[in-house]
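S.K.:
There are 2 protein chains.
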Amino acid sequence: MKIIVQKYGGTSVGDTERIKNVARRICRAKEPGVGLVVVVSAMGGTTDELIRQAQEITPEPSEREMDQLISTGEQISSALLAMAVQHDGSDAVSLTGIQVGILTDDSHTKARIFKIEPEKILESLDEDKIVIVAGFQGFNPKKDITTLGRGGSDTTAVALAAVLEADVCEIYTDVDGVYTADPRIIPDAVKLDKISYDEMLELASLGAKVIQNRAVEFAKKFNVTLHVRSSFNEVQGTFVSEEADTMSMEKVVIRGVTYNKEEAKLTITMVPDTPGVAARIFKTIADGNINVDMIIQNVSAEGFTDLSFTVPRPELVKARELVEEISRDIGAGAVSVEDEIAKVSIVGVGMKSHPGVAATMFEALAEEKINIMMISTSEIKISCVVRSDDGERAARAIHKAFGLDQE
Amino acid sequence: MKIIVQKYGGTSVGDTERIKNVARRICRAKEPGVGLVVVVSAMGGTTDELIRQAQEITPEPSEREMDQLISTGEQISSALLAMAVQHDGSDAVSLTGIQVGILTDDSHTKARIFKIEPEKILESLDEDKIVIVAGFQGFNPKKDITTLGRGGSDTTAVALAAVLEADVCEIYTDVDGVYTADPRIIPDAVKLDKISYDEMLELASLGAKVIQNRAVEFAKKFNVTLHVRSSFNEVQGTFVSEEADTMSMEKVVIRGVTYNKEEAKLTITMVPDTPGVAARIFKTIADGNINVDMIIQNVSAEGFTDLSFTVPRPELVKARELVEEISRDIGAGAVSVEDEIAKVSIVGVGMKSHPGVAATMFEALAEEKINIMMISTSEIKISCVVRSDDGERAARAIHKAFGLDQE
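Chains as they are written, first to last, in our numbering: chain R, 278 to 684; chain Z, 278 to 684.
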């Protein structure tokens, strides 16, 4: 049997009218001989409302009870969606995480799946029923309900696709697919037909809106082909798979340009250039539960170096306090901060073996007279930090320089 | 271990403030050495809202999916209540029907419990946790969620009390207990300290607001002592048990007066008094899904009889149509209806062996110059139908005649 897994997010099932629309789409996809498994998120707003009620009860609800509570959101949307599919004349059955048999570890609110027992799904598929699965949830060996954390419904869908050896895992969202850039900033941005898992991961700042990185990593690990597409039209979206793009053997393929202005930069001057200093600095920041993104350390001069790094902007004040303290402790110099920054990145497999890529990017910025404040590179990404006023212009110039508007 | 089962209805947990109040009450009841199991209904309004959403999807949702849907109401309230109890410093854990192990038959929306596997509850009690159980729900052998129908949370509580051999099953509600009459009609009505299961069943028209008959029948079958009391104060309520009241050995104890004006009366005149005729009439009405309450057939004269019975008033039009049709078929006479009626009843074990009881009741009505339209008696109940204008006055007169205001 050909098996298709579909996943609909909270916006797609935001109210009963939208649930009916999704049901019609599901019924169209239900061809003879196709086993259809649909994973659904909570209706937009439901989860927030449940969290609000919990907060009214206590500022620190136990995570075990939070999971019992918020898992009802997906149970509600899956039951309503099953009713809507039945109303349209197809047979359907909704299942919760416990009913599906999604076994997880014990980490409430951010559980990891370790096993899926798909017997009940397979039985239902054999009876030619469309299976509607409440996403985002599972249960631990003690039979407590667990939830999978942010983007958990994506993870549920990919995990089911892996276990059921589905032909494709369709991720329905409110955009048409993955674009070369954010169309709100770069109107010339073009939808990509296909993309590799690694590129998808690096395009996260675009991709965050369509699928969580954790689910992409999962898909990569189990080689599940994803199809990211819109639930509001029939247009083909973007396929994400390991398949090498034949074109990329010959020429560099820059997949897209990402733009992020949610970060701030800290610089510690005159850091003693001795082993263990960097570790001490970043251990302190990590202990403060702050994620560091880019880290740049220049070549040392006379035993001292300047160290710059970026953090999410809301964490800047806390990060600065921590850094000033550690700076005194290690005998470093002043700490400066810069929160008017934007990060522009290009992503594409194979760019490392093409030295011209970085040059093309820097030239595009130079022509626009945009100053580069930081540079960082990875195997498939080059990022530049610029002044936030220059950010959008920088993204557009780079998008054009790589011909992405003509994909 | 002494085990107490408590049950809180939808009004008692109507919002997060009330849930916090209930939590404080629960924590006070949690004495050392006491195992506390709390059954909770959905927050008032939640179930209606879920049903409304289902109706927006389809006018005839499948019962299997309705159960998946509305069982979330109790899951939400039980999780919130567990959080509130934890916030007040006691250890607690919420459990759904599947987690508790409440196995039912396959009748969705009105399932019957056939087994409870209390291991998980006993484990939690051993860990000195207060167990908060989502009422109204169970699961069938196929692992589908089922619900227990109207008053299902009462049934859950009584069933758990039976299986756990609890000392008492406390039913918390918004009234102080069971009264000799409805205090809104008879201000002199007095709260009863104790009452038997059968009396409680007959007082249903009072009792409907405090506990469902199905749960009382269940309690009687398994000899579970009920304590019906208010969740808004600490006053002792009414105990319901099999224990013979020593007083009733000596004198008749009329437990209460009930009053019901939600019925209408139909009379078929000149019914041929031959075997099978009554069966045909009431089969027709039953097929129309109409519940008949009182049935009176007078002694036949010359092969014909008059047959009167009462039905819920909203069913009167439908019942009349059915009855007029069957009346023609069987060659009976005209059908008359009377919807301006009220039924007044007295309830008490042992009245049958005291012939004076009925006489006292009829005298009380005669003194008030109230005409009796129908009379019906059972082992522990006498009911009179009177004109609805006379109803409340009749109830007050009878209440006084039996000295119920001096309990």
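Note that beta-carbon positions come from the ideal geometry of N, C-alpha and C, so glycine has one too.
Flag this pair as yes or no: are the beta carbons of Ala300 of chain R and Gln352 of chain R separated by less than 7 Å?
M.R.: Counting from 1 along the first sequence, the entry for residue 300 of chain R is found at position 23. Counting from 1 along the first sequence, the entry for residue 352 of chain R is found at position 75. It is not a contact, given that the beta carbons lie outside the stated cut-off.
S.K.: Residues in its own chain within less than 6 Å of Ser660 of chain R by CB, not counting five upstream and five downstream?
M.R.: Along the first sequence, one-based indexing puts residue 660 of chain R at 383. Closer than 6 Å at Cβ, skipping near neighbours: Lys620, Ser622 and Ser653.
S.K.: Kindly indicate if chain R contains any beta-carbon less than 7 Å away from that of Leu480 of chain Z.
M.R.: Within the second sequence, the letter at position 203 stands for residue 480 of chain Z. With 7 Å as the cut-off, Leu480 of chain Z does not count as an interface residue toward chain R.
S.K.: Measure the alpha-carbon distance for Gly484 of chain Z versus Ser401 of chain Z and round it to whole angstroms.
M.R.: To locate residue 484 of chain Z, count along the second sequence from 1; it is residue 207. To locate residue 401 of chain Z, count along the second sequence from 1; it is residue 124. Below a pLDDT of 50, predicted positions are generally treated as unreliable, and Gly484 of chain Z, at 47, falls in that range; no measurement from the model is reported.
S.K.: Given a threshold of 16 other Cβ atoms within 10 Å of its Cβ, counted over all protein chains shown, does Thr551 of chain Z qualify as buried or as exposed?
M.R.: Translated into the one-based positions of the second sequence, residue 551 of chain Z becomes position 274. Thr551 of chain Z comes out exposed.
S.K.: Check the Cβ of Leu379 of chain R against every Cβ in chain Z and list those closer than 9 Å, keeping chain order.
M.R.: The count along the first sequence starts at 1 and reaches residue 379 of chain R at position 102. Note that residue 379 of chain R is Ile in the sequence shown here, rather than Leu. Within chain Z, no residue comes near Ile379 of chain R; the closest Cβ sits about 13 Å away, beyond 9 Å.
S.K.: For Ala369 of chain R, which residues does DSSP report across the bridge?
M.R.: Translated into positions along the first sequence, residue 369 of chain R becomes position 92. DSSP output for Ala369 of chain R lists R:Ile407 as bridge partner(s).
S.K.: Can you give the Cα-Cα distance for Val377 of chain R and Thr373 of chain Z, rounded to whole angstroms?
M.R.: Along the first sequence, read from residue 1 onward, the residue named residue 377 of chain R stands at position 100. Along the second sequence, read from residue 1 onward, the residue named residue 373 of chain Z stands at position 96. Those two C-alpha atoms are separated by around 16 Å.
S.K.: Quick check on Met278 of chain R: buried or exposed, where buried means 16 or more other Cβ atoms within 10 Å of its Cβ?
M.R.: In the first sequence, residue 278 of chain R corresponds to position 1, counting from 1. Exposed is the call here.
S.K.: Hey, would you say the C-beta of Ser371 of chain R is under 6 Å away from at least one heavy atom of the ligand ATP?
M.R.: Summarising the ligand content, the structure contains no ligands, and the ligand ATP is consequently not present.
S.K.: Can you tell me whether DSSP reads Pro309 of chain R as helix, strand or coil?
M.R.: As a first step, residue 309 of chain R is located in the first sequence; it is residue number 32 there, counting from the start. Coil, per DSSP.
S.K.: Apart from the five residues on each side of it in sequence, which residues of its chain come closer than 6 Å, Cβ to Cβ, to Ile280 of chain R?
M.R.: If you number the first sequence from 1, residue 280 of chain R lands on position 3. Taken in chain order, the residues that qualify are Gly312, Leu441 and Ala443.
S.K.: When DSSP builds the beta bridges, which residues end up paired with Tyr536 of chain R?
M.R.: By one-based count along the first sequence, residue 536 of chain R stands at place 259. Note: Tyr536 of chain R sits in a beta bridge opposite R:Val621.
S.K.: Would you give the residue range spanned by the beta strand (DSSP E) that Met628 of chain Z belongs to?
M.R.: By one-based count along the second sequence, residue 628 of chain Z stands at place 351. Counting along the chain, Met628 of chain Z falls outside any beta strand (DSSP E), and DSSP gives it neither H nor E.
S.K.: For Ala361 of chain R, which residues in the same chain have their Cβ closer than 6 Å to its Cβ, ignoring the five residues on either side in sequence?
M.R.: The count along the first sequence starts at 1 and reaches residue 361 of chain R at position 84. Excluding sequence neighbours, Ala361 of chain R sits near Ile296, Lys297 and Ala300.
S.K.: For a quick check, are the C-beta atoms of Phe416 of chain R and Ile422 of chain R less than 7 Å apart?
M.R.: Counted from its first residue, the first sequence places residue 416 of chain R at position 139. Counted from its first residue, the first sequence places residue 422 of chain R at position 145. Yes, the pair counts as a contact, with Cβ atoms nearer than the cut-off.
S.K.: Span of the alpha helix (DSSP H) holding Ile463 of chain R?
M.R.: Along the first sequence, one-based indexing puts residue 463 of chain R at 186. That residue, Ile463 of chain R, is in no alpha helix (DSSP H); it is neither H nor E in DSSP.
S.K.: What does a CB cutoff of less than 7 Å around Val467 of chain Z pick up in its chain, not counting 5 residues either side in sequence?
M.R.: Taking the second sequence and counting its residues from 1, one reaches residue 467 of chain Z at position 190. Result list for Val467 of chain Z: Tyr456, Thr457, Leu681, Asp682 and Glu684, in chain order.
S.K.: Rounded C-beta distance between Ala678 of chain R and Ala635 of chain R? I'm assuming under 8 Å.
M.R.: The residue given as residue 678 of chain R occupies position 401 in the first sequence. The residue given as residue 635 of chain R occupies position 358 in the first sequence. Not confirmed; about 12 Å, so no contact.
S.K.: According to DSSP, simplified to helix, strand and coil, what is Val512 of chain R?
M.R.: Sequence index remark: in the first sequence, residue 512 of chain R carries index 235 (1-based). It is coil, neither helix nor strand.
S.K.: Shorter than 7 Å from the beta carbon of Thr335 of chain Z to some beta carbon of chain R?
M.R.: Numbered from its first residue, the second sequence carries residue 335 of chain Z at position 58. True, the Cβ-Cβ gap to chain R drops below 7 Å.
S.K.: With a CB to CB cut of under 8 Å and the five nearest residues on each side skipped, what residues in its chain are close to Gly291 of chain Z?
M.R.: To locate residue 291 of chain Z, count along the second sequence from 1; it is residue 14. Met320, Gly321 and Gly322.
S.K.: Using the beta-carbon count (16 or more within 10 Å), is Val512 of chain R buried or exposed?
M.R.: Counting from 1 along the first sequence, the entry for residue 512 of chain R is found at position 235. By the neighbour-count rule (16 or more Cβ atoms within 10 Å), Val512 of chain R is not buried but exposed.
S.K.: Could you please tell me which residues of the region 356 to 369 of chain R, in chain order, have their CB closer than 7 Å to any CB of chain Z?
M.R.: Cβ contacts with chain Z: Ala356, Leu357, Ala359, Met360, Ala361, Gln363 and His364.
S.K.: What residue range does the beta strand (DSSP E) around Arg239 of chain Z cover?
M.R.: Because chain Z is modelled from 278 through 684, residue 239 of chain Z falls outside the range shown and cannot be assessed.
S.K.: Which of the three DSSP states is assigned to Met524 of chain R in this structure?
M.R.: Residue 524 of chain R sits at position 247 when you count from the first residue of the first sequence. Unreliable placement is indicated for Met524 of chain R, whose pLDDT of 47 sits below 50; no coordinate value is reported for it.
S.K.: For Gly415 of chain R, write down the residues that DSSP places opposite it in a beta bridge.
M.R.: For the purposes of this step, residue 415 of chain R is taken as the residue at position 138 of the first sequence. Answer is R:Thr423.
S.K.: So if I threshold CB-CB distances at 8 Å, which residues from the region 389 to 416 of chain R count as touching chain Z?
M.R.: Taking 8 Å as the Cβ-Cβ cut-off against chain Z, the residues of the region 389 to 416 of chain R that qualify are Lys397.
S.K.: Just checking my contact of Val445 of chain Z with Ser507 of chain Z at CB under 8 Å: how many whole Å lie between their CB atoms?
M.R.: Sequence index remark: in the second sequence, residue 445 of chain Z carries index 168 (1-based). Sequence index remark: in the second sequence, residue 507 of chain Z carries index 230 (1-based). Wrong, their Cβ atoms sit about 16 Å apart, outside the cutoff.
S.K.: Counting C-beta neighbours from all protein chains within 10 Å, is the total for Gly286 of chain Z 16 or more, i.e. buried, or is it exposed?
M.R.: As a working mapping, residue 286 of chain Z is identified with position 9 in the second sequence. Buried, since its Cβ has 16 or more Cβ neighbours within 10 Å.
S.K.: State the Cα-Cα distance for the pair Asp608 of chain R and Pro395 of chain R, rounded to the nearest angstrom.
M.R.: Stepping through the first sequence from its first residue, residue 608 of chain R is reached at position 331. Stepping through the first sequence from its first residue, residue 395 of chain R is reached at position 118. Correcting the residue type first, residue 608 of chain R is Gly in the shown sequence and not Asp. The straight-line gap from Cα to Cα measures roughly 59 Å.
S.K.: To the nearest angstrom, how far is it from the Cα of Met526 of chain R to the Cα of His631 of chain R?
M.R.: Looking up residue 526 of chain R in the first sequence gives position 249. Looking up residue 631 of chain R in the first sequence gives position 354. Confidence in Met526 of chain R is poor, its pLDDT being 47 and thus under 50, which makes the residue's placement too unreliable to answer from.
S.K.: Beta-carbon of Thr323 of chain R versus every beta-carbon of chain Z: anything under 7 Å?
M.R.: Numbered from 1 along the first sequence, position 46 holds the residue referred to as residue 323 of chain R. No - not a single Cβ of chain Z is within 7 Å of the one on Thr323 of chain R.
S.K.: Phe586 of chain Z: buried (16+ other C-beta within 10 angstroms of its C-beta) or exposed?
M.R.: For the purposes of this step, residue 586 of chain Z is identified with residue 309 of the second sequence, where counting begins at 1. Its Cβ being crowded by 16 or more others within 10 Å, Phe586 of chain Z is buried.
S.K.: Around the Cβ of Lys560 of chain Z, are there at least 16 other Cβ atoms within 10 angstroms (buried) or fewer (exposed)?
M.R.: As a working mapping, residue 560 of chain Z is identified with position 283 in the second sequence. It is exposed - the Cβ of Lys560 of chain Z has fewer than 16 other Cβ atoms within 10 Å.
S.K.: Flag Gln332 of chain Z as yes if its beta-carbon sits less than 7 Å from any beta-carbon of chain R, otherwise no.
M.R.: Counting from one through the second sequence, the residue named residue 332 of chain Z turns up at place 55. Output row for Gln332 of chain Z: interface = no.
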